[in-house]
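Start counting the sequence shown at -16; every next residue gets the next number (this note's numbering). See structure below.
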Amino acid sequence: MNFRRTDLTVSERAADLLAQLTPDERVAMLHQAMPAIERLGIAESRTGAEALHGVAWLGTGTVFPQPVGLAATWDPELIEAIGDVASTELRAKRAENPLVSLNAWAPVVNTLRHPLWGRNEEGYSEDPHLTGQLGCAYAQGLRGRHERVWKTVPALKHFLAYSNETDRSATSSEMSLRTLHEEELAAFRPAIERQAAGSMMLAYNRVNGTPAHTQPELVAEARSWTDGSIAIVSDAGAPTFTVTIQGAQPDGAHAAAALVTSGMDSFTDNDADAKPTIANVQSALDQGLLTWDDVDRAVTRILEMRIRTGEFDGDGFHGAGSHGGGAHEGGDPYAGIGVDAIDAPSSRALAREAAGRSVVVLRNDAGVLPLQEPTRLAVVGPLADAVLTDWYSGTPPYVVGIASGLRGRYPSASVAVETGADTVTLRAASGLHVVVSDDGGQVAAVAASGSASGSGSGEASLFDVTDWGDGLLTLRSHASGGLLTGGAWPMRADAERVGGWVVQESFRRHEHADGTWSLLHLGSGRWVRASRDVGLLLAEGVTLDDAERFSVEVVRSGAEAVAAAAASADVVIVAVGNDPHLAGREAADRPHLMLPDAFTRIWRLAHGANPQTVLTIVSSYPYVLGEADAAASVVWSSHGGQELGSGIADVLSGDREPTGRLAQSWPSDPAQAGDLFDYDTLRQQATYRHQPKPYAFAFGHGLTYSRVSYSAVTATAEAVAPEPTHRHPALGEDGDVHVTVTVTNEGGRPAEELVQVYALAPSLPLPAPRRLLVAYRRVRLEPGESREVELTFDVARLAVWDESLRLDGAVDDWVHEGALRVQPGTYVLAAGPSADDLPVSAELQVSAGG
């Protein structure tokens, strides 16, 4: 069996294995759930494991900051190290369960062109080249550095032009060829070109009217970037959606044929049930819509992906066909990874480093930071000591919230925690109070009185009501400690957290004229009512008339508690932000960009009681701060994983000099973000590349605790425009333009500065972006130190798409109608700490090639 010979090429091994498969076995390989082939010693297998910021959906694993937070480190080496931990733990999970896939569905390299996108947390940056660079780094960590065997095979998500959730399988991402080449393809290319990724997942949406799953020109373009094999998988359910939602295909057989001939290799459809896919493919073959050559090409790429992981190398393989034994020369170098590799001490340390490195100090006008050894701290707000996980998070082995992190840093200080939640009792129309059993298994209006009266039900009747903004509420029982949930019938109060594909723990309050509340259970769209006689709460009212009207008594005011805690503290940390399962997530875009009134109110209460207040925002996305923009001290972190609180404490205390810088602009008003459904960023002047007005906090922004000045920038006097091409060089590549920036630390503390160089739009026939990041470099400056920082970039980074060109030998399709061209002329290179703060500049002359 030559497919087990490691001395042969991957393609030779795949061809040998393909030749031994029967027709039925080949067709079965096209579904995500691939059966075992006992006679060849091939085990049952799957495509797809989630590893967005650590291994996910497989139990305990190290949880790192969300990708939007990792991007704030601007550190490809750190991000690669995190990817390496994720791949190690994925290998460890496979050692425990052989059905765990080594096809890692990560990273997401869709650009964050609009902050309303519900999946903003999953991407890296609004800049396609920074996205491509950081995504490539994470993919490289997942892939590993072994020349022959891949630790995992990363699949880039989601190809292509996907960044809205509303009607995502129906909407069409309309774009010019310029947007396609300058902003969309550029984010995917680096990881494929450098063979850090060996797979891609297609997108739900349509592109210029055609489903992204049936765009052969786009798939062929991506495959042209590498000599290696790219295994392309569908997004879940998308093959069926081409028929049912998009109406692009008349039936499953035509859909199967269209998908495979467009370049897709694996159907992620109907979960583990392969029968519908097999039937559709077989029908397409019978009707002549699909040929065996089409099937063989797709199966070959899936086999090549499996071969790359060392699956057939004869050691460390679990399941049918296992040869047993330890690693040997030519075998799988990762075969020895076992379950003991999960939650290693080094992974914990890396999680803490990543959490701290991703914290961004947005404003420090009052000089409150770094904290000066306070003796009394107050941490207030819904995220005061909570660590929240998102849909693609793993299960952390432990968590450190902000208050806990500060307690660890200041063990002799008192740290008061107030969430801002009101503690209430609910009395049904029957006059009986709602009480919860100790295990949360029963929630019913059965108590004659609540705890407010000093008798009766006590803790059993108390709920903490948290307002997440826009009327979104969660209610946590004092008796059980669990959240009220409508996911069971009757209702329970035993949910540990908000979660699930359909969130069952969120409610919207309707307040009647008499002050009573009715609660709409958002997961079901039904109103909460109390059943007759026994009082059990049920989420089943169809109309508001069916809803229970609860009399609400506030036993303890969250607002008063926040104000009191703030008044008695030396410094107040206001910890607010989103729950990643509410108000923006997969399948749901954000309702707006504003910081919710509920959070602004907490900041206002705290700041009114104590001006030494730091507004600390933990969120998956930027906010427009509104009234809270008056805050003199503002810090941001993404949901930072298990070490969130330690990382924030490291920065607030000054133990770690702030290194975080925004990879996504924070608008000063919602209009700056443009239209969520308009993908032409140039036309609507969206993202830092095109926006003429200053942002509240610009792309690249982030403060040090010192003062860094920029005094000069010089650039090579002349550069030559390269020949037109379809290739946009990646950010960070060495090039023919050399820039030197002089920076000085004028303060009394060390400074971790991110020196950024932008090309500013010249006056040329084809308009260039208003500003374009072309290079950056981190530098540590000691107090008083001045340094000349050298950076380079390829002059081809200045190219814009010119639809009037036609390259010799170019494929005759719509994707290639034009070319990237650097226009000769005078360019301005400006340097500074952000896209909106570029104090020094120099001219660069670019002459015509030839």
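A virtual CB, placed ideally from N, CA and C, is assigned to each residue, including glycine. These numbers come from a predicted model, not from an experiment.
Contact the stretch 705 to 721 vs the stretch 802 to 818: 3+ CB pairs below 8 Å: yes
Where Lys140 sits in the DSSP three-state scheme: Here residue 140 refers to the residue found at position 157 of the sequence shown. It is a strand residue.
Sequence-distant residues of the same chain with beta carbon closer than 6 Å to Arg690, five excluded per side: As a first step, residue 690 is located in the sequence shown; it is residue number 707 there, counting from the start. Excluding sequence neighbours, Arg690 sits near Glu729 and Gly730.
Pairwise C-alpha distance: Glu200 and Ser159: The residue labelled residue 159 in the question sits at position 176 within the sequence shown. The residue labelled residue 200 in the question sits at position 217 within the sequence shown. If you take the alpha carbons of Ser159 and Glu200, they lie about 15 Å apart.
Assigned secondary structure, Tyr604 (DSSP; H/G/I helix, E/B strand, else coil): In the sequence shown, the residue the question calls residue 604 occupies position 621. Residue state, collapsed to three classes: coil.
Local Cβ density within 10 Å of Ala334, reported as buried at 16 or more and exposed below that: One-based indexing of the sequence shown puts residue 334 at position 351. Buried is the call here.
Beta-ladder partner(s) of Gln828, from DSSP: One-based indexing of the sequence shown puts residue 828 at position 845. Note: Gln828 sits in a beta bridge opposite Glu701 and Thr809.
For His311, three-class secondary structure by DSSP: Within the sequence shown, the letter at position 328 stands for residue 311. Caution applies to His311, whose pLDDT of 40 falls short of 50 and renders its modelled position unreliable; the value that the coordinates give is listed next. In this structure, His311 counts as coil in the three-state DSSP scheme.
For Gln270 and Thr193, the rounded distance between their alpha carbons: As a working mapping, residue 193 is identified with position 210 in the sequence shown. As a working mapping, residue 270 is identified with position 287 in the sequence shown. If you take the alpha carbons of Thr193 and Gln270, they lie about 23 Å apart.
Per-residue burial, Asp652 [other beta carbons within 10 Å of its own, 16 or more giving buried]: Taking the sequence shown and counting its residues from 1, the one referred to as residue 652 is at position 669. It counts as exposed.
Per-residue burial, Ala367 [other beta carbons within 10 Å of its own, 16 or more giving buried]: Taking the first residue of the sequence shown as 1, we reach residue 367 at position 384. With 16 or more Cβ atoms within 10 Å of its Cβ, Ala367 is classed as buried.
contact_flag[the stretch 644 to 661, the stretch 408 to 415] where n(CB pairs < 8 Å) is 3 or more: no
As assigned by DSSP and simplified to three states, the class of Trp510: Here residue 510 is taken as the residue at index 527 of the sequence shown, counted from 1. Reduced to three states, the DSSP call for Trp510 is strand.
Exposure label - Gly437; buried when at least 16 CB within 10 Å: Within the sequence shown, the letter at position 454 stands for residue 437. With a pLDDT of 41 at Gly437, under the threshold of 50, the modelled position of that residue is not reliable, and the figure given next carries that caveat. Exposed is the call here.
Other residues of its chain near Phe582: CB distance less than 6 Å, five sequence neighbours each side excluded: For the purposes of this step, residue 582 is taken as the residue at position 599 of the sequence shown. So the qualifying residues of the chain are Val559.
Exposure of Val132, with buried meaning 16 or more beta-carbon neighbours within 10 Å: Locating residue 132 in the sequence shown gives position 149, where the first residue counts as 1. Buried is the call here.
Residue closest to His493, alpha-carbon to alpha-carbon, out of Val511, Val486 and Pro473: Mapped onto the sequence shown, residue 493 falls at position 510. The option with the nearest alpha carbon to His493 is Val511.
Beta-carbon proximity check, Gly37 vs Val46, cutoff 8 Å: As a working mapping, residue 37 is identified with position 54 in the sequence shown. As a working mapping, residue 46 is identified with position 63 in the sequence shown. Contact flag set, yes.
Gly304 versus Asp252: straight-line alpha-carbon distance, rounded: Position 321 of the sequence shown, counting from 1, holds the residue named residue 304. Position 269 of the sequence shown, counting from 1, holds the residue named residue 252. Reliability fails at Gly304, whose pLDDT of 33 lies under 50, so the model's placement of it is uncertain and the value that follows must be treated cautiously. For Gly304 and Asp252, the distance between alpha carbons rounds to 27 Å.
Own chain partners of Ser155 with C-beta closer than 6 Å, once the 5 adjacent residues on each side are dropped: Stepping through the sequence shown from its first residue, residue 155 is reached at position 172. Here the set comprises Arg189 and Gly192.
Residue of Thr449, Ala386, Ala180 and Met247 minimising C-alpha distance to Pro579: For the purposes of this step, residue 579 is taken as the residue at position 596 of the sequence shown. If we check each option's Cα against that of Pro579, Thr449 comes out closest.
Three-state class that DSSP yields for Asn(-15) in the structure shown: Walking along the sequence shown from the start, residue -15 turns up at place 2. Of the three classes helix, strand and coil, the one that applies to Asn(-15) here is helix, per DSSP.
Supposed contact pair Val597 and Val351 - C-beta distance, whole angstroms, cut 8 Å: What you label residue 351 is simply residue 368 of the sequence shown in a count that begins at 1. What you label residue 597 is simply residue 614 of the sequence shown in a count that begins at 1. Indeed they touch by this definition, with Cβ atoms about 6 Å apart.
Terminal residues of the beta strand (DSSP E) in which Asp450 lies: Against the sequence shown, residue 450 aligns to sequence position 467. Phe446 to Asp450 is the span of the beta strand (DSSP E), which, as asked, contains Asp450.
Between the CA atoms of Leu371 and Thr197 - distance to the nearest angstrom: Mapped onto the sequence shown, residue 197 falls at position 214. Mapped onto the sequence shown, residue 371 falls at position 388. Cα to Cα, Thr197 sits roughly 37 Å from Leu371.
Inter-residue Cα distance where the pair is Val762 and Glu736: Working through the sequence shown from its first residue, we reach residue 762 at position 779. Working through the sequence shown from its first residue, we reach residue 736 at position 753. One C-alpha to the other measures close to 5 Å.
Span separating the alpha-carbon of Glu523 from that of Val607: Within the sequence shown, the letter at position 540 stands for residue 523. Within the sequence shown, the letter at position 624 stands for residue 607. When rounded, the distance between both Cα atoms is 36 Å.
Met184 - partner residues in DSSP beta bridges: Walking along the sequence shown from the start, residue 184 turns up at place 201. DSSP, once it has assigned bridges, lists Val216 as partnering Met184.
Gln3: first and last residue of the uninterrupted alpha helix (DSSP H) it sits in: Taking the sequence shown and counting its residues from 1, one reaches residue 3 at position 20. Its alpha helix (DSSP H) spans residues Val(-7) to Gln3.
Complete runs of the alpha helix (DSSP H) confined to the stretch 372 to 406 [at least 4 residues]: 385 to 392
Contact under 8 Å by Cβ, Gly628 with Val383: Within the sequence shown, residue 628 is the residue found at index 645, counting from 1. Within the sequence shown, residue 383 is the residue found at index 400, counting from 1. Yes; because the gap between Cβ atoms is below 8 Å, this pair is in contact.
Buried or exposed (CB count within 10 angstroms, at least 16 for buried), Thr408: Walking along the sequence shown from the start, residue 408 turns up at place 425. That one is buried.
Integer-rounded CB distance, given that Ile320 should sit under 8 Å from Gly868: Any question about residue 868 goes unanswered here, given that the chain covers just -16 to 833.
Start and end residues, beta strand (DSSP E) containing His721: In the sequence shown, the residue the question calls residue 721 occupies position 738. Here the beta strand (DSSP E) through His721 covers Val720 to Asn728.
Bridge-paired residues (DSSP) for Arg359: Looking up residue 359 in the sequence shown gives position 376. The partner list for Arg359 (beta bridge, DSSP) reads Ser397.
Coil, strand or helix - Trp208 by DSSP: Here the question's residue 208 lines up with position 225 in the sequence shown. In this structure, Trp208 counts as coil in the three-state DSSP scheme.
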